[in-house]
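Chemist: Mind having a look at this structure? Questions to follow.
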Amino acid sequence: MNEAPTRKYLAFEIEVRPLDEKLVALKPGSAEHDAALTERDALLQKINDGLSPWERVQLARHPERPYTLDFIERLITEFEPLHGDRLFGEDPAIIGGLGRLGGRAVVVLGQQKGRTAEQRAHRNFGMARPEGYRKAQRLMEMAGRFQLPIVTFVDTPGAFPGLEAEERGQAQAIAESILKLLDTPVPSVSLVIGEGGSGGALALASTDTVLMAENAVYSVISPEGCAAILWKDAAQAPEAARALRGDAASLKEFGIVDELVTEPAGGAHRDPGAFMDSAGAAISACLDELCGLDQKALLTRRRARYRAMTQSAITEKN
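To convert, count from 1 in the sequence shown and add 13; that's our numbering.
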């Protein structure tokens, strides 16, 4: 089947477009097609090798990257979603439920941004409200009760900062979600698939093992927000992205992230299926290791991990 060109090209991808269009016009398997494919892949790799921190932020936000629902449809069988927090209502920004990953029963959680304008409005652009985090806590409690591993997919610019969210206890809901993940005596693995924004991401990422897509970002604040605070100018976002060091390679170096999931040249949106399969294999491998630990060893390992992070931060500050 001919390869369809990417629907949306970022500024640094524009030169790839003619080659994509050329590939569609050529017969697969022909010498001309193979030569054009080799040229296109080499160009993608060259672009990938030279990406700046700000360009990786743009890739993390690419509208054609796979989202949580895509991972669930690809990797999770027998998925049964659960809804509501039993206190206020349902939050479509967080998806959660029960399913099987490679035959293993798991609890699945993740933020969902939405693709169309209507979906984004419905999902609130992946920015969860307190009821979303309390729904996640319900599922974490269920995981502990039935001894089911927890798998989370992190993709949010941050928790919803609106007045109504604050009135309903947003900060407390985030804090309790972090505490619940840290205390639930079952294996847990998170994968940052796009944006990992501040406490809204930490609420689903305080797990035994943290995986991160090669072109994802994970930071206390967005580059635009950082630039607006430090320089009073959101146009300084590229400089802020460089200073924040929220890219996957830097976070692996800092020990915040345990393992990177390699993306196809050009980004996960170039071959979502292959990327999701790689991510699924990485998650399963982590669960295989973690499920071999007893509860005491698991909790000891988890607490040591996060205490080491905070101790390192305090030591460096002093």
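Even for Gly, the Cβ is constructed at its ideal location relative to N, Cα and C.
Verify whether the separation of the beta carbon atoms of T197 and M153 is less than 7 Å.
Modeler: For T197 and M153, yes; Cβs fall inside 7 Å.
Chemist: Does the region 175 to 195 come within contact of the region 42 to 52, defined as at least 3 CB pairs closer than 8 Å?
Modeler: Cβ pair count under 8 Å is below three, so no.
Chemist: Buried or exposed, going by whether 16 or more other CB atoms sit within 10 Å of the CB of A254?
Modeler: Burial call: buried.
Chemist: DSSP three-state call for I85: helix, strand or coil?
Modeler: Three-state result, I85: helix.
Chemist: Contact between the region 264 to 280 and the region 224 to 239 is defined here as three or more beta-carbon pairs at a separation below 8 Å; is this criterion met?
Modeler: Output reads yes: the region 224 to 239 touches the region 264 to 280.
Chemist: Do G209 and V167 have their C-beta atoms closer together than 7 Å?
Modeler: Yes; because the gap between Cβ atoms is below 7 Å, this pair is in contact.
Chemist: Just tell me which of R74, S235, I269, R158 has its CA closest to the CA of A321.
Modeler: Comparing Cα-Cα distances from A321 to each of R74, S235, I269, R158, the minimum goes to I269.
Chemist: Only counting the same chain, and skipping five residues up and downstream in sequence, which positions put a Cβ closer than 6 Å to that of T19?
Modeler: Unreliable positioning characterises T19 in this predicted model, as indicated by a pLDDT of 44, which lies under 50. A coordinate reading is not provided.
Chemist: How many Å lie between T319 and V223 at the Cα?
Modeler: According to the sequence provided, residue 319 is Tyr. The question's Thr does not apply to it. The alpha-carbon atoms of Y319 and V223 are separated by roughly 12 Å.
Chemist: Taking DSSP as the reference, what is the three-state secondary structure of P94?
Modeler: P94: strand per DSSP, three-state reduction.
Chemist: Per DSSP, what kind of secondary structure is E227 in: helix, strand or coil?
Modeler: Coil at E227, not helix or strand.
Chemist: With DSSP collapsed to three states, give me the class of R320.
Modeler: It is helical.
Chemist: Taking the straight line between their C-alpha atoms, what separation do you get for T169 and P236?
Modeler: So the alpha carbons of these two residues sit roughly 14 Å apart.
Chemist: With DSSP collapsed to three states, give me the class of E266.
Modeler: Correct three-state label for E266: helix.
Chemist: Considering only residues of the same chain and omitting the five flanking positions on each side of H96, which have a CB-CB separation below 6 Å?
Modeler: Hits under 6 Å: E103.
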